[in-house]
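There are 2 protein chains.
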Amino acid sequence: MMRTRPLKVALLGCGVVGSEVARIMTTHADDLAARIGAPVELAGVAVRRPDKVREGIPGELITTDATALVKRGDIDVIVEVIGGVEPARTLITTAFEHGASVVSANKALLAQDGATLYEAADQHGRDLYFEAAVAGAIPLIRPLRESLAGDKINRVMGIVNGTTNFILDAMDTSGAGYSEALDEATALGYAEADPTADVEGFDAAAKAAILAGIAFHTRVRLDDVYREGMTEVTAADFASAKRMGCTIKLLAICERAADGESVTARVHPAMIPLSHPLASVREAYNAVFVEAEAAGRLMFYGPGAGGSPTASAVLGDLVAVCRNRLNEATGPGESAYTQLPVSPMGEVVTRYHISLDVADKPGVLAQVATVFAEHGVSIDTVRQQGKDGEASLVVVTHRAPDAALSGTVEALRKLDTVRGVASIMRVEGE
Amino acid sequence: MMRTRPLKVALLGCGVVGSEVARIMTTHADDLAARIGAPVELAGVAVRRPDKVREGIPGELITTDATALVKRGDIDVIVEVIGGVEPARTLITTAFEHGASVVSANKALLAQDGATLYEAADQHGRDLYFEAAVAGAIPLIRPLRESLAGDKINRVMGIVNGTTNFILDAMDTSGAGYSEALDEATALGYAEADPTADVEGFDAAAKAAILAGIAFHTRVRLDDVYREGMTEVTAADFASAKRMGCTIKLLAICERAADGESVTARVHPAMIPLSHPLASVREAYNAVFVEAEAAGRLMFYGPGAGGSPTASAVLGDLVAVCRNRLNEATGPGESAYTQLPVSPMGEVVTRYHISLDVADKPGVLAQVATVFAEHGVSIDTVRQQGKDGEASLVVVTHRAPDAALSGTVEALRKLDTVRGVASIMRVEGE
Ligand SMILES: NC(=O)c1ccc[n+]([C@@H]2O[C@H](COP(=O)([O-])OP(=O)(O)OC[C@H]3O[C@@H](n4cnc5c(N)ncnc54)[C@H](OP(=O)(O)O)[C@@H]3O)[C@@H](O)[C@H]2O)c1
Ligand SMILES: NC(=O)c1ccc[n+]([C@@H]2O[C@H](COP(=O)([O-])OP(=O)(O)OC[C@H]3O[C@@H](n4cnc5c(N)ncnc54)[C@H](OP(=O)(O)O)[C@@H]3O)[C@@H](O)[C@H]2O)c1
Numbered sequence: 001m002m003r004t005r006p007l008k009v010a011l012l013g014c015g016v017v018g019s020e021v022a023r024i025m026t027t028h029a030d031d032l033a034a035r036i037g038a039p040v041e042l043a044g045v046a047v048r049r050p051d052k053v054r055e056g057i058p059g060e061l062i063t064t065d066a067t068a069l070v071k072r073g074d075i076d077v078i079v080e081v082i083g084g085v086e087p088a089r090t091l092i093t094t095a096f097e098h099g100a101s102v103v104s105a106n107k108a109l110l111a112q113d114g115a116t117l118y119e120a121a122d123q124h125g126r127d128l129y130f131e132a133a134v135a136g137a138i139p140l141i142r143p144l145r146e147s148l149a150g151d152k153i154n155r156v157m158g159i160v161n162g163t164t165n166f167i168l169d170a171m172d173t174s175g176a177g178y179s180e181a182l183d184e185a186t187a188l189g190y191a192e193a194d195p196t197a198d199v200e201g202f203d204a205a206a207k208a209a210i211l212a213g214i215a216f217h218t219r220v221r222l223d224d225v226y227r228e229g230m231t232e233v234t235a236a237d238f239a240s241a242k243r244m245g246c247t248i249k250l251l252a253i254c255e256r257a258a259d260g261e262s263v264t265a266r267v268h269p270a271m272i273p274l275s276h277p278l279a280s281v282r283e284a285y286n287a288v289f290v291e292a293e294a295a296g297r298l299m300f301y302g303p304g305a306g307g308s309p310t311a312s313a314v315l316g317d318l319v320a321v322c323r324n325r326l327n328e329a330t331g332p333g334e335s336a337y338t339q340l341p342v343s344p345m346g347e348v349v350t351r352y353h354i355s356l357d358v359a360d361k362p363g364v365l366a367q368v369a370t371v372f373a374e375h376g377v378s379i380d381t382v383r384q385q386g387k388d389g390e391a392s393l394v395v396v397t398h399r400a401p402d403a404a405l406s407g408t409v410e411a412l413r414k415l416d417t418v419r420g421v422a423s424i425m426r427v428e429g430e
Numbered sequence: 001m002m003r004t005r006p007l008k009v010a011l012l013g014c015g016v017v018g019s020e021v022a023r024i025m026t027t028h029a030d031d032l033a034a035r036i037g038a039p040v041e042l043a044g045v046a047v048r049r050p051d052k053v054r055e056g057i058p059g060e061l062i063t064t065d066a067t068a069l070v071k072r073g074d075i076d077v078i079v080e081v082i083g084g085v086e087p088a089r090t091l092i093t094t095a096f097e098h099g100a101s102v103v104s105a106n107k108a109l110l111a112q113d114g115a116t117l118y119e120a121a122d123q124h125g126r127d128l129y130f131e132a133a134v135a136g137a138i139p140l141i142r143p144l145r146e147s148l149a150g151d152k153i154n155r156v157m158g159i160v161n162g163t164t165n166f167i168l169d170a171m172d173t174s175g176a177g178y179s180e181a182l183d184e185a186t187a188l189g190y191a192e193a194d195p196t197a198d199v200e201g202f203d204a205a206a207k208a209a210i211l212a213g214i215a216f217h218t219r220v221r222l223d224d225v226y227r228e229g230m231t232e233v234t235a236a237d238f239a240s241a242k243r244m245g246c247t248i249k250l251l252a253i254c255e256r257a258a259d260g261e262s263v264t265a266r267v268h269p270a271m272i273p274l275s276h277p278l279a280s281v282r283e284a285y286n287a288v289f290v291e292a293e294a295a296g297r298l299m300f301y302g303p304g305a306g307g308s309p310t311a312s313a314v315l316g317d318l319v320a321v322c323r324n325r326l327n328e329a330t331g332p333g334e335s336a337y338t339q340l341p342v343s344p345m346g347e348v349v350t351r352y353h354i355s356l357d358v359a360d361k362p363g364v365l366a367q368v369a370t371v372f373a374e375h376g377v378s379i380d381t382v383r384q385q386g387k388d389g390e391a392s393l394v395v396v397t398h399r400a401p402d403a404a405l406s407g408t409v410e411a412l413r414k415l416d417t418v419r420g421v422a423s424i425m426r427v428e429g430e
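First to last, the sequence lines map onto chains A and B.
Using full-length UniProt numbering, you'd call the opening residue of the first sequence number 1 and step up by one each time.
Using full-length UniProt numbering, you'd call the opening residue of the second sequence number 1 and step up by one each time.
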C-alpha cells in the first residue's frame with residue numbers, strides 16, 4: 001500500500017548533522033520508504049557556501065536562498081540543521097505558514113523561543129519535532145513526551161554536554177587540571193576552538209530549559225535556568241570528591257518542588273556518589289536520569305552529539321512527521337497546561353561541600369559552625385586539616401535552600417579567621 | 001479545546017498491574033485529560049473473582065463477563081492486563097472487531113501470536129500498543145519503533161527479567177549458590193512460588209521475540225528464540241567470571257548476522273566484562289543495550305516490573321492511543337517488511353568460557369587443544385590448575401559459531417583424559 005508521490009523534504013543546513021541526514025536519506029531510502037509508507041525525496045538543500053563540494057548531493061539541489069526554499073509550497077517537511085536563533089526562527093515559522101512540518105536539532109532556538117515555534121506549528125496544523133536538540137542520539141524527548149505521558153515526572157537530572165563530560169572525566173582519571181584537560185579535548189576534537197558555550201554551561205542550560213518544559217508541562221525559558229560553568233573545577237575538588245566516594249559531573253537538573261507548586265532548572269558542576277549510575281558515564285557520552293512517580297528511576301544513555309548519532313535522531317523524527325503527514329494527523333504539540341512558576345536558584349534545596357582556608361588556631365571550628373547554625377544550614381560532617389599555621393576546613397551540609405547557603409558563605413567570608421573560600425560544590429544524587 | 005464526551009476505557013484484569021492502572025486513572029484524571037485533550041472514563045473492569053474488595057473501584061463497574069464488556073461497542077480503548085494466551089487473545093481480537101483500540105502488557109501472547117493481533121488491529125483501523133510487555137516501566141518499544149525508525153539496529157542485548165537479575169546479583173555479591181539466592185528472592189517477593197517462567201528463561205525469551213521483531217522489522221516468534229535458563233549457574237562460575245574481570249547475567253540477545261541477511265534471538269546466561277554498562281545493573285532492575293548504525297550504543301535502564309512501574313507504561317500507551325482516537329488516526333502498526341529469516345543457535349557467533357575436569361598428566365592440554373583446532377575453534381587463553389592427580393583446564397575461545405563449539409564439546413567428552421565438562425558459558429559484550 002505504498003503511495004507513489006514521494007514526500008518532499010528540504011534540508012536547511014548541510015554541515016556536520018545535515019550532511020549525515022542527506023547521506024542516510026540516500027543510502028537507506030528503501031528502509032525509510034517502507035517505514036513511512038511512501039518514498040521521501042530530498043527536494044532542496046540550503047547552505048551558506050554554494051561552492052563547497054558536498055558528496056552525494058546533486059548540485060542542482062543546493063541553494064543559498066533558504067527563504068525561497070521554505071516558501072516553495074510543495075515541501076512536506078523542513079529539516080532545520082543550521083543552528084542559532086536567526087535566520088532559523090524565521091525560516092521555521094515561514095515553513096509552517098507554507099504548509100510544511102518541521103524537524104529541528106536547534107536547542108538554542110527552542111530554549112530561547114520554543115513557544116513561538118509551537119504556536120506557529122499549532123496554528124497551521126503542522127508538526128514540530130526536535131529529538132536531536134537534547135542528548136543527540138538518545139531517545140529522550142519522545143519518551144518524556146509520550147512514554148511517560150501517563151506518569152508524573154518529579155526530576156530530570158543528566159549529563160547533557162559531551163565536551164564537558166570528556167574534560168571532567170579526563171580530570172578525574174588522570175588528575176589533570178582544567179586547562180590541561182581542555183587542551184586534550186580540543187586536540188581530540190571533543191571541544192571547539194571557542195569552547196565557551198560548552199564549558200560555561202550555556203549549551204546544557206538550553207537543554208535543561210527544553211527538558212524542564214516537557215517534563216513538567218510548563219513553559220521554561222533559557223533565562224529561567226540557573227547556570228554555572230565548570231571552568232573553576234580543580235584537581236583539588238576531585239581529590240575532595242574522591243575522599244567522599246564521589247566524582248564531579250556537570251549536571252542539568254530539573255526538579256519539581258516538594259510541594260509540587262513550582263519547578264526549578266539549573267546547570268552546575270556537582271559531586272555525585274560513585275554508586276550513582278551517572279557517575280560511570282565516561283568520555284563524551286551523555287546520560288539522563290528521570291524520576292517519575294509511578295515508573296520510578298529510569299536512565300537513558302548514549303552518544304550526545306556527533307553527525308551520525310544526531311542524524312539518527314533527526315531521521316527518527318522525520319519518519320514520524322512523514323507518517324503523520326500521510327495520516328493527515330499531527331503528533332503531540334506543546335503541553336504547557338500546568339503553568340507552574342519557575343522558582344529562582346535560592347529556593348533550590350540540596351547539599352553542599354565547602355572548603356575553607358582558615359587560620360590554624362583554637363575556636364575557628366566553633367566560629368564557623370555558629371555561622372552555619374545562624375543561617376539554618378545544618379552540618380553533616382566537618383574535616384579539619386592543618387599544618388604550619390595554615391589549615392583547611394571541609395564542611396558537608398545536610399539539605400538546605402541555596403539562598404541559606406549563599407548567606408552562610410557571605411558571612412563566612414567576613415570572619416577574620418576565614419582566609420578564603422576555596423570551593424563550594426553542590427552534592428547531588430543521594 | 002477539550003472535548004466533553006469522555007473516552008471510555010475498559011480494563012480486562014485488575015490484579016497487580018490493573019489495580020494500579022485504575023488507581024492512577026482516578027487520582028491523575030485531570031492530568032490525563034489535559035494531556036489527551038479529553039477526559040477518560042473507566043467504563044468497566046473484568047475480573048475473575050467479582051467479590052474481591054477492590055479499593056477505589058465502584059462495584060457496578062466490576063464484571064466477570066469480559067466478552068460482553070469488549071462487545072459493548074461503546075468502548076474506545078481496552079486495556080488488557082489479564083495475561084496468558086487465552087482468553088486474552090480472543091478478547092483482544094473481539095475488541096478490535098467492536099471498534100476499540102487495545103493497550104496490552106501481555107508479553108506471552110505477543111511473543112506467541114503477535115501477528116494475529118497486529119492483523120486484527122490493522123484490519124479494523126485500530127491501535128495495538130504494548131510498551132509494558134517488555135522491561136516494565138522502561139520506555140523501549142516506542143524508542144525502538146519510533147525514535148530509531150530512521151536508523152538500522154544491529155543488536156539489542158539486555159537484562160529483561162528482574163527476578164533472575166536479582167538472583168544472579170545476590171550470587172555475585174554474597175557468593176551464595178543458586179538455590180540459596182532463589183530462596184532469598186522468594187522471601188523478598190522478587191520470585192514467584194513457581195519461578196519456572198523466570199529462571200528457565202521463558203519470560204525473557206518472550207521479550208526477546210518481541211524486541212527482535214521490532215528491531216529488525218521482521219516476524220520473530222517465541223519458537224525462534226534459543227533459550228537456556230540460569231538454574232545451573234554456580235558459585236564456581238562466578239569465581240571464574242571474576243578471574244576474567246567479568247560477571248554473569250541472564251541476557252536476551254537479538255542480533256543481525258554480519259552479512260545482514262538473517263537475524264538471531266537467544267536467551268542464556270553469559271559472562272560480560274565488569275566495564276560493560278549492563279554489568280552494573282543490580283537487584284531486580286532491567287536494562288537494554290541497543291546498537292544502531294548511526295546512533296551508536298544506547299542504553300535504557302529502569303524497573304522492569306512491579307504494579308506501578310508497569311502501570312506507568314500502560315498509561316503512556318493509553319494517552320497515545322486516546323490521542324490517536326481523537327485524531328481519527330493510528331500509530332505505527334506492525335513493521336515486518338524485511339522478512340529476514342531467523343537463523344538457528346548453531347549460526348550464532350560468540351566467545352566461550354569452558355571449564356574441564358581433566359586427568360593431571362602430561363599431554364592433556366595438547367589433546368584438548370587439538371580437538372578445538374579440529375573444529376575450527378580458536379583458543380584465546382588457557383589456564384591449568386592441578387592438584388592430587390585431579391586438574392582443571394579453563395579455555396576461553398575467540399569468536400566461533402555455536403555449532404562448532406557444540407561439536408568441540410562433544411568431542412572433548414569422548415577423550416579419556418577429560419573427566420567432565422564442568423561448565424560452558426558464552427562471553428558477551430566485548
Ligand atoms: N554537531 C552535533 O553534534 C550536534 C548535536 C546535536 C544538535 N546539533 C544541532 O544541529 C544544528 C546543526 O549543527 P551542525 O553541527 O551540523 O552545524 P554546522 O556543521 O555548522 O552546519 C551548519 C550548516 O548550516 C548552513 N548555514 C549556516 N547559515 C546558513 C544560512 N543563513 N542559510 C542557509 N544555510 C546556512 C551551513 O552552510 P555551509 O555548509 O555552507 O557553511 C552549514 O551547512 C545546530 O542547531 C546544533 O546545535 C548538533
Ligand atoms: N506484574 C508485573 O510486574 C508485570 C510487569 C510487566 C508485565 N506484566 C503483564 O501484565 C499482565 C497482568 O499481570 P499482573 O501481574 O497484573 O497479573 P495478576 O495480578 O495475576 O492479575 C490478573 C488479573 O486478571 C484477572 N483475570 C484472570 N483471568 C480472567 C478472566 N478469564 N477474565 C477476566 N479477568 C481475568 C484476575 O482477576 P482476579 O483479580 O479476580 O483474580 C486479575 O485481576 C500480564 O500479561 C503480565 O505478563 C506484569
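Note that CB positions come from ideal geometry on N, CA and C, so glycine has one too.
Taking a 10 Å sphere around the C-beta of A:V263, we find 16 or more other C-beta atoms and assign the residue as buried.
Contact between the stretch 257–276 of chain B and the stretch 215–228 of chain B is present: three or more C-beta pairs spanning the two stretches fall below 8 angstroms. In the structure shown, A:P143 falls within a helical segment according to DSSP collapsed to helix, strand and coil.
Going by DSSP, A:K207 is part of the alpha helix (DSSP H) stretching over F202 to F216.
Assignment of B:P195 by DSSP, reduced to helix, strand and coil, places it in the coil class.
Taking non-hydrogen atoms of ligand 1 into account, the C-beta of A:L140 is found less than 7 angstroms away from none of them. By the neighbour-count definition (other C-beta atoms within 10 Å, threshold 16), A:R256 is a buried residue. Between the stretch 299–315 of chain B and the stretch 290–310 of chain A, the count of C-beta pairs closer than 8 angstroms reaches three or more; the two stretches touch. When C-beta atoms of the stretch 157–168 of chain B are compared with those of the stretch 183–192 of chain B, three or more pairs fall below 8 angstroms, so the two segments count as touching. Using a cutoff of 7 angstroms, the CB of B:A105 counts as near ligand 2, since one of the ligand's heavy atoms is closer than that.
The stretch 64–80 of chain A and the stretch 88–102 of chain A touch, with three or more beta-carbon pairs separated by less than 8 angstroms. CA-to-CA, the gap between B:K249 and B:A185 works out to about 16 angstroms. Shown in chain order are the members of the stretch 20–31 of chain B whose Cβ falls below 8 angstroms from a Cβ of chain A: E20, I24, H28 and D31. Of the residues A:F300, A:D357 and A:L405, the one whose Cα lies closest to the Cα of A:V348 is A:L405. Contacts with chain B (Cβ-Cβ distance below 9 angstroms) from the stretch 319–334 of chain A involve V319, A320, R323, N324, N327, E328, A329, T330, G331 and P332, listed in chain order.
For A:F300, the chain B residues whose Cβ falls inside 7 angstroms of its Cβ are F300, in order along the chain.
In terms of beta-carbon proximity, B:A108 stays away from the interface with chain A, with every pair separated by 8 angstroms or more. Per DSSP, A:R351 is one residue of the beta strand (DSSP E) stretching across V349 to A359. By the CB criterion at 8 angstroms, A:G302 and A:E131 fall outside the cutoff. Annotated three-state conformation of B:L11 is strand, per DSSP. For the C-beta of B:S308, the chain A residues within less than 7 angstroms are, from N- to C-terminus, A294.
With contacts defined by Cβ atoms closer than 8 angstroms, B:I78 and B:A95 form a contacting pair. Following the DSSP letters along the chain, one finds A:Q385 in no alpha helix (DSSP H) but inside the beta strand (DSSP E) bounded by residues I379 to K387. Closer than 8 angstroms to the CB of B:P39 there is not a single CB belonging to chain A. Within the same chain, M230, V233, I248 and L250 come within 6 angstroms of A:P269 by CB-CB distance, once the 5 residues on both sides are set aside. Take B:F372, set aside five residues on each side of it, and the residues of its chain with a beta-carbon closer than 8 angstroms to its own are S378, I379, V395, T397 and T408, in chain order.
Looking at the backbone, the Cα of B:V45 and that of A:V321 are separated by about 36 angstroms. CA-CA distance, A:V319 to B:G150, rounds to 6 angstroms. Not one heavy atom of ligand 1 lies closer than 7 angstroms to the C-beta of A:G59. Interface flag for B:I138 against chain A is set, since a Cβ pair is found closer than 8 angstroms. In chain order, R142, G316 and A320 make up the part of chain B whose C-beta sits under 7 angstroms from the C-beta of A:E146.
Per DSSP, B:N327 lies in no beta strand (DSSP E) segment; the continuous alpha helix (DSSP H) that holds it begins and ends at G307 to N327. A distance criterion of 7 angstroms places the beta-carbon of B:R48 in contact range of ligand 2, judged by its closest non-hydrogen atom. Excluding sequence positions up to five before and after B:G84, its CB lies within less than 8 angstroms of the CB of N106, A108 and L109, all in the same chain and listed in chain order.
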